[in-house]
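Reading through the structure tokens given below for one structure.
Numbering (our numbering), first residue to last: 167 to 432.
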């Protein structure tokens, strides 16, 4: 009668995959190395990565065992920094598990958009030249019946010239002040008088306007979630620091240039 086959234990982070002179390398160690790999490694199959990661950990462990003497200060400090960073990230993760609720996102949306006034957007084109005289001559040419886009392609020195001078849609604050002020006073179809900015002289044609409506909650849910997360974490950290006994006096006598002096960590 055949001997019974023993059931294998379900793999866990503590499952030992190799030992090097008694030092255990676990599945958990390998998973964390896999997670830290640069993004380009994501295209490789785990079956390809597994032996490579294991070889790396075996080699690093052997090298670690070969080190003689006390742990170098820079290594000890790097380990302290890494532990500090990882534990801080754990706290932040726990905060975010409960902080970002639908109600919090709705409140952020209401605060940012509920009372926002409707904004006018403009669709315009321009012809940019170096002198006021050139701009005035273009205005007269357009008033005589010349096609705006054709003149822009021929004479505009701006990057939009080859596209007939088209600037697409833009809202308040997106153009330099003199240009914006001129556009906001125009009616659809108008050709402006020459307008001077730091780029030169512009002749502007306003083609269309529209009212920009506030986005829906779903359209901005992602950015609102990020804002809520940032605000909650900042408030929590500010509270912890405020209540902690923080003494920064030791930093006052330190020259900031010493940040670049790696010799101090030897």
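Idealized CB from N, CA, C, for every residue including glycine.
Length at least 4, wholly inside the region 265-325: the alpha helix (DSSP H) runs in chain order: If we require 4 residues or more, the alpha helix (DSSP H) runs fully inside the region 265-325 come out as 268-275, 298-309 and 314-321.
Run through the DSSP bridge pairs and tell me what residue 227 is partnered with. Within the chain shown, the letter at position 61 stands for residue 227. Its beta-bridge partners do not exist; DSSP assigns none.
DSSP beta-bridge partners of residue 369: Counted from its first residue, the chain shown places residue 369 at position 203. Within the DSSP bridge table, the entry for residue 369 names 293 as partners.
Delimiting residues of the beta strand (DSSP E) encompassing residue 361: Within the chain shown, the letter at position 195 stands for residue 361. For residue 361, the enclosing beta strand (DSSP E) stretches over residues 361-363.
Between the C-alpha atoms of residue 293 and residue 331, what's the straight-line distance to the nearest angstrom? Taking the first residue of the chain shown as 1, we reach residue 293 at position 127. Taking the first residue of the chain shown as 1, we reach residue 331 at position 165. Residue 293 and residue 331: Cα-Cα distance of roughly 6 Å.
Go ahead and pull the three-state DSSP assignment for residue 197. Counted from its first residue, the chain shown places residue 197 at position 31. Residue 197: helix per DSSP, three-state reduction.
Short of 7 Å in beta carbon distance, which residues of its chain neighbour residue 183, apart from the five on each side in sequence? Order them along the chain. One-based indexing of the chain shown puts residue 183 at position 17. Only residues of its own chain outside the window of five on either side were considered, and among them 191, 192, 193, 196 and 220 have a CB closer than 7 Å to the CB of residue 183, listed in chain order.
Bridge partners - residue 336, DSSP secondary structure assignment: In the chain shown, the residue the question calls residue 336 occupies position 170. Checking the DSSP bridge columns, you'll see residue 336 partnered with 288.
Tell me whether residue 392 sits in a helix, a strand or coil according to DSSP, three-state version. Taking the chain shown and counting its residues from 1, one reaches residue 392 at position 226. Residue 392: helix per DSSP, three-state reduction.
Just checking my contact of residue 390 with residue 271 at CB under 8 Å: how many whole Å lie between their CB atoms? Taking the first residue of the chain shown as position 1, residue 390 is located at position 224. Taking the first residue of the chain shown as position 1, residue 271 is located at position 105. Indeed they touch by this definition, with Cβ atoms about 5 Å apart.
Collapsed DSSP secondary structure at residue 351 in the structure displayed: Against the chain shown, residue 351 aligns to sequence position 185. Here residue 351 carries a coil assignment [DSSP, helix/strand/coil].
Using the Cβ count rule (16 or more neighbours within 10 Å means buried), how would you classify residue 288? Within the chain shown, the letter at position 122 stands for residue 288. A residue is called buried when at least 16 other Cβ atoms come within 10 angstroms of its Cβ; residue 288 meets this threshold and is buried.
Exposed unless 16 or more other CB atoms sit within 10 angstroms - verdict on residue 371: One-based indexing of the chain shown puts residue 371 at position 205. For residue 371, the number of other beta carbons within 10 angstroms of its own is at least 16, and it is reported as buried.
Spatial neighbours of residue 327 within its chain, please: CB distance less than 7 Å, with the 5 preceding and 5 following residues excluded, ordered by chain position. Stepping through the chain shown from its first residue, residue 327 is reached at position 161. Contacts found: 318 and 319.
Using only the alpha-carbon positions, how far apart do residue 413 and residue 226 sit? Here residue 413 refers to the residue found at position 247 of the chain shown. Here residue 226 refers to the residue found at position 60 of the chain shown. Distance between the alpha carbons of residue 413 and residue 226: 39 Å.
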